[in-house]
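K.L.:
Structure in structure tokens, see below.
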Amino acid sequence: MMTIRNKIKIFITDNKITSWFYSFNNIDCEALLIHIPKQNKGGGEIVSHGTPYLRIHSQCLTGDVFGSKRCECGNQLHESIKIMTEQGGYIAYLPQEGRGIGLYNKLDAYALQDQGYDTFQANTLLGFPEDAREYHCVSEMLLTVGIEKVFLLTNNPDKHQALTDTGIVVEKVVSTSCFMGRDNQKYIQAKADIAKHAFGKVVSI
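Below you can see the structure in the form of structure tokens.
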């Protein structure tokens with residue numbers, strides 16, 4: 041049975057936003073659940089009893105940390121944080137670099153993409169599934185902290201299905217913006233055509 045290992049208060053985004061990082065016992069990966077409460081302009085927490093927003097976010101070193109525009113991961117993460125400071129919510133941060141293939145293999149996939157293959161073709165050419173991720177631990181983490189229903193921030197139908205299959209009620213799906221620029225147009229198009237992602241408004245990056 042999953043239990044809470046630690047709940048740590050951490051100030052994020054230049055120390056302006058209050059968040060709580062949860063780690064867990066009896067979990068099969070080092071996933072985190074990050075609670076970002078609704079907050080006032082000074083970063084103070086506001087108690088909210090409504091349904092929380094949820095972003096299931098796969099770790100992306102190149103996008104989240106270094107700001108790469110080959111993907112929209114970093115932009116989606118920061119958009120989600122902004123929404124949660126206004127509404128309250130959780131980020132399930134999963135160690136799934138490169139849709140689950142790891143950092144070095146992701147860079148190998150980038151090399152294939154530079155030869156003209158799309159993101160899904162590149163993964164399969166390396167001997168991996170188009171998408172090697174699974175999300176069962178997200179529902180376990182949510183239920184462990186007492187969350188049974190969410191507003192899901194995603195463009196990915198697989199994440200919606202995974203939650204509903206494992207006991208979480210998705211009251212509403214809210215599409216994240218489509219952060220598109222010169223370096224990721226083919227990547228975005230492949231996600232729409234092959235993985236059936238349903239994007240929100242287009243934002244140029």
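In my numbering, the protein residues as written are 41 to 245.
From the three backbone atoms N, C-alpha and C, an ideal C-beta is built for every residue, glycine too.
#1: Give the DSSP-derived three-state secondary structure of Gly-140 in the structure shown.
#2: In the structure shown, what three-state DSSP assignment does Ser-59 receive?
#3: Is there a C-beta anywhere in chain B that falls below 8 Å from the one on Gly-186?
#4: If you reduce the DSSP assignment to three classes, tell me which class His-237 lands in.
#5: What residue range is occupied by the uninterrupted alpha helix (DSSP H) comprising Thr-164?
#6: On a CA-only basis, which of Gly-156, Leu-134, Thr-206 is nearest Asp-104? Give me that one, please.
#7: Going by the CB atoms, is the gap between Leu-94 and Leu-183 shorter than 8 Å?
#8: Quick one: Cα of Cys-111 to Cα of Glu-188, how far?
#9: Evaluate Phe-64 with the Cβ neighbour count: other Cβ atoms within 10 Å of its Cβ, from every protein chain shown; 16 or more gives buried, anything less gives exposed.
#10: If we count the other Cβ atoms within 10 Å of its Cβ and call it buried at 16 or more, is Ile-86 buried or exposed?
P.N.:
The relevant details are as follows:
#1: Residue state, collapsed to three classes: helix.
#2: Correct three-state label for Ser-59: strand.
#3: Within the model displayed, chain B is absent; a lone protein chain is all it includes.
#4: Under the three-state reduction of DSSP, His-237 is assigned to coil, being neither helix nor strand.
#5: Start and end: 159-165.
#6: Between Asp-104 and the set Gly-156, Leu-134, Thr-206, the nearest pair of CA atoms involves Leu-134.
#7: No, the Cβ-Cβ distance between Leu-183 and Leu-94 is not below 8 Å.
#8: Between Cys-111 and Glu-188, the alpha-carbon positions lie close to 31 Å from each other.
#9: Here Phe-64 is buried, its C-beta having at least 16 other C-beta atoms within 10 Å.
#10: Exposed is the call here.
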